[in-house]
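Data first, discussion second: the structure below is written as structure tokens.
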Ligand SMILES: Nc1ncnc2c1ncn2[C@@H]1O[C@H](COP(=O)(O)OP(=O)(O)OP(=O)(O)O)[C@@H](O)[C@H]1O
Ligand SMILES: Nc1ncnc2c1ncn2[C@@H]1O[C@H](COP(=O)(O)OP(=O)(O)OP(=O)(O)O)[C@@H](O)[C@H]1O
Ligand SMILES: [Mg+2]
Ligand SMILES: [Mg+2]
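Structure (structure tokens):
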């Protein structure tokens with residue numbers, strides 16, 4: 005499903021070039037469950053943003069489901085993103101003036117789904133993460149963990165084949181984290197591919213493969229858990 | 005240092021009233037190291053915002069260092085906050101158009117410190133959290149864990165007597181989290197009072213007392229660790 009070849013990303017800050025991602029080459033197959041770990045600043049979010057088509061590499065190639073997406077226009081990339089994947093951002097990226105329900109429904113607006121159907125599906129996802137009673141709160145009227153769960157619900161609402169989640173349990177207590185992982189596990193059992201950035205080993209334990217980043221490179225790539 | 009009596013906070017959302025904090029009564033002495041735990045949405049951040057003078061209770065009283073702060077004007081509250089405490093927000097709250105250095109120096113601007121001294125002290129705190137080489141990056145040019153560390157450095161820069169930290173290791177990998185806790189431990193050894201919200205038991209283990217929240221109330225208050 006995912007194939008990256010010598011993927012690189014440098015940022016310019018004033019006159020300096022920050023090498024956020026060195027050459028990363030790897031493949032992730034359909035239905036895999038991969039955990040991404042590594043120190044703060046090691047390139048995990050940069051890598052996830054490239055996988056999610058939210059950013060373009062400085063060099064290297066990225067094939068998603070057999071199609072080279074490296075050269076696509078912004079619009080074409082947005083269309084692929086909308087129909088194929090769900091993204092949970094490290095800092096949630098919710099629209100501040102929209103309610104939880106409207107935030108969760110947003111991918112369905114892009115997908116051309118009619119309003120009554122959007123509301124029904126968005127509410128179903130909110131129920132799944134235990135937030136049906138917060139549907140009309142705006143993000144500033146939600147706790148940190150509630151905002152995170154709204155971001156997760158939004159990533160699920162369009163039935164994506166691939167879920168990219170950047171620290172999805174960062175703001176959640178242990179019990180809520182385990183409930184979320186059980187939900188993600190169930191999605192994976194049904195064939196959905198998961199790539200999850202986490203710094204918690206208890207969360208990484210749900211995955212079947214762990215990629216470890218350090219200084220913008222993958223330094224370890226191992227299978228974990230029961231076969 | 006901290007004394008709250010029947011502290012309550014309700015929010016209005018449309019026609020509904022959300023009881024975020026029921027009556028909380030407790031005291032925290034000088035030099036204590038307290039961990040605050042509890043499920044998502046149980047009132048932890050609401051409680052911390054009240055302790056930090058960033059919000060006013062709907063009912064109840066709050067004495068900080070012997071002074072009733074419940075009735076203070078916004079300006080008087082800001083002055084107390086600036087000279088007494090450092091606050092690490094769950095969502096960092098960094099100024100997006102300012103560099104890491106400028107963000108860390110901000111409390112010193114309010115304290116009337118001159119520019120050269122501000123820069124020196126801000127850089128010292130950035131070094132402490134391992135980010136001297138990111139001093140001129142803006143928040144959007146930093147990783148999640150780097151933004152969190154800038155928020156921590158900002159909370160320390162004015163040598164506060166009380167540090168209120170809401171999930172300060174939420175975006176940090178294990179090693180960086182432990183380095184941060186060692187730093188906070190050292191501050192506590194030097195007499196600084198710490199109140200830390202965390203959902204990670206490994207982090208709570210550094211504290212000597214744990215407050216557990218559920219549905220807006222403190223349901224458990226116990227001493228932990230070696231005497
Ligand atoms: N501004 C607001 N308006 C309305 N309701 C709010 C507001 N802020 C918080 N709430 C509600 O108050 C309750 C407590 O929120 P709080 O942020 O204190 O929880 P928390 O314990 O910090 O949770 P988390 O661990 O997820 O950060 C939540 O149910 C939340 O929906
Ligand atoms: N827009 C940007 N401009 C400049 N440098 C950036 C930018 N975004 C990230 N960086 C730098 O690139 C490096 C990698 O960042 P990235 O966000 O990928 O790290 P990360 O592994 O996700 O870290 P964390 O665990 O803290 O979230 C960091 O050193 C960061 O300072
Ligand atoms: Mg990151
Ligand atoms: Mg909170």
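Protein chains in written order, with the working numbering: chain A, 5 to 231; chain B, 5 to 231.
In this text, a Cβ means the ideal position worked out from N, Cα and C, and glycines have one as well.
Limits of the unbroken beta strand (DSSP E) element including residue i
i	result
residue 31 (chain A)	20-32
residue 38 (chain A)	37-41
residue 193 (chain B)	Segment 178-193 is the alpha helix (DSSP H) holding residue 193 (chain B); no beta strand (DSSP E) there.
Status (buried if at least 16 other CB within 10 Å, exposed otherwise) for residue i
i	result
residue 171 (chain A)	buried
residue 153 (chain B)	buried
residue 66 (chain A)	buried
residue 47 (chain B)	buried
residue 106 (chain B)	buried
residue 177 (chain A)	buried
residue 179 (chain B)	exposed
residue 53 (chain B)	buried
residue 86 (chain B)	buried
residue 100 (chain B)	exposed
residue 113 (chain B)	exposed
residue 44 (chain A)	buried
residue 90 (chain B)	buried
residue 16 (chain A)	exposed
residue 144 (chain A)	exposed
Reference residue i, options the options, closest by Cα
i	options	result
residue 146 (chain A)	A:160, A:114, A:112 and A:98	A:98
residue 108 (chain B)	B:138, B:11, B:206 and B:94	B:138
residue 115 (chain A)	A:31, A:155, A:25 and A:161	A:161
residue 95 (chain A)	B:70, B:193 and B:174	B:174
residue 4 (chain A)	A:191, A:120, A:214 and A:85	Residue 4 (chain A) lies beyond the residue range present for chain A, which begins at 5 and ends at 231; the question has no answer from this structure.
residue 167 (chain B)	B:143, B:190 and B:80	B:190
residue 18 (chain B)	A:28, A:220, A:184 and A:141	A:141
residue 222 (chain A)	A:184, A:157 and A:51	A:51
residue 79 (chain B)	B:164, B:100, B:194 and B:57	B:57
residue 49 (chain A)	A:90, A:35 and A:201	A:201
residue 102 (chain B)	B:206, B:55 and B:158	B:158
residue 74 (chain A)	A:10, A:36 and A:192	A:10
residue 122 (chain B)	B:197, B:111 and B:131	B:111
residue 7 (chain A)	A:69, A:149, A:104 and A:228	A:69
Limits of the unbroken alpha helix (DSSP H) element including residue i
i	result
residue 7 (chain A)	Residue 7 (chain A) -> not in any alpha helix (DSSP H); beta strand (DSSP E) instead, spanning 6-17.
residue 132 (chain B)	119-132
residue 78 (chain B)	78-88
residue 104 (chain A)	104-114
residue 53 (chain A)	48-55
Residue i CB to nearest heavy atom of ligand 3 below 6 Å
i	result
residue 7 (chain A)	no
residue 148 (chain B)	yes
Reduced DSSP category for residue i - H, G, I as helix; E, B as strand; rest coil
i	result
residue 157 (chain A)	helix
residue 202 (chain B)	coil
residue 219 (chain A)	coil
residue 63 (chain B)	strand
residue 68 (chain B)	strand
residue 168 (chain B)	strand
residue 197 (chain B)	strand
residue 137 (chain B)	helix
residue 211 (chain A)	coil
Distance cut-off 6 Å: residue i Cβ against heavy atoms of ligand 4
i	result
residue 152 (chain B)	no
residue 94 (chain B)	yes
residue 48 (chain B)	yes
Residue i beta carbon near ligand 2 (any heavy atom closer than 6 Å)
i	result
residue 118 (chain B)	no
residue 114 (chain B)	no
residue 28 (chain B)	no
residue 174 (chain A)	no
Any non-hydrogen atom of ligand 1 within 6 Å of residue i CB
i	result
residue 15 (chain A)	no
residue 123 (chain B)	no
residue 103 (chain A)	no
residue 24 (chain B)	yes
residue 45 (chain B)	yes
residue 145 (chain A)	yes
Any chain E beta carbon closer than 7 Å to residue i
i	result
residue 116 (chain B)	The chain inventory of the structure shown lacks chain E, comprising the protein chains A and B.
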